[in-house]
Structures are given as C-alpha cells and as structure tokens.
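Colleague:
Numbering (this note's numbering), first residue to last: 51 to 131.
(1) Considering only DSSP beta bridges, list what residue 71 is partnered with.
(2) In the DSSP assignment, the alpha helix (DSSP H) including residue 108 goes from what residue to what residue?
(3) How big is the Cα-Cα spacing for residue 92 and residue 130?
(4) To the nearest angstrom, how far is the alpha carbon of residue 86 from that of residue 119?
(5) For residue 78, which three-state DSSP category applies?
(6) Since residue 89 contacts residue 124 with CB under 8 Å, what's their CB separation in whole angstroms?
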C-alpha cells in the first residue's frame with residue numbers, strides 16, 4: 051500500500067501559484083492561505099455582481115472602470131527578447 055498521505059502531498063494554490071503542503075487530515079485545503087481564500091471569495095462576489103442587470107449604465111461604466119484600474123495595478127514582467 052502507498053505510504054503517501056494527503057497531508058504529505060504538495061499542492062499548488064490556484065490564486066497565487068505558490069506550492070504548499072496540506073497541513074491537516076480530513077478535507078484537503080484548496081488555498082495556501084486565508085488571504086488567497088478570501089481573494090477567491092471576493093472574485094466570485096465580483097463575478098456575481100457584474101451579472102446584475104439592475105445596474106444603471108453609468109454604474110456599469112464606473113464598475114468596469116474600477117476593475118480596469120485594479121487590473122492595471124497587477125505587475126507582469128515583460129518577456130526578454
């Protein structure tokens with residue numbers, strides 16, 4: 051039988067990409083930290099809110115503008131040629 055336990059397996063966080071080990075028995079952790087878990091929750095709430103058809107056109111534009119500003123703050127290194 052395999053001696054590998056769930057707590058021994060290396061996992062990859064879907065939010066930040068860092069690797070981590072499941073530190074407890076039972077249900078496997080999905081995220082490396084509470085911060086990443088909260089970020090995923092916030093992203094889900096934003097996705098649900100963006101599908102809200104009760105927003106005025108002006109509110110939708112402001113919402114999209116704020117999301118764009120957030121996206122522009124994420125630093126992506128350029129590829130070297």
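Backbone N, C-alpha and C define an ideal beta-carbon position, used for all residues, glycine too.
Here the structure is a predicted model, which is why all the values come from computation and not from measurement.
Modeller: Judging by the given coordinates:
(1) 60
(2) 107-122
(3) 33 Å
(4) 20 Å
(5) coil
(6) Contact doesn't hold; Cβ gap of about 12 Å is too wide.
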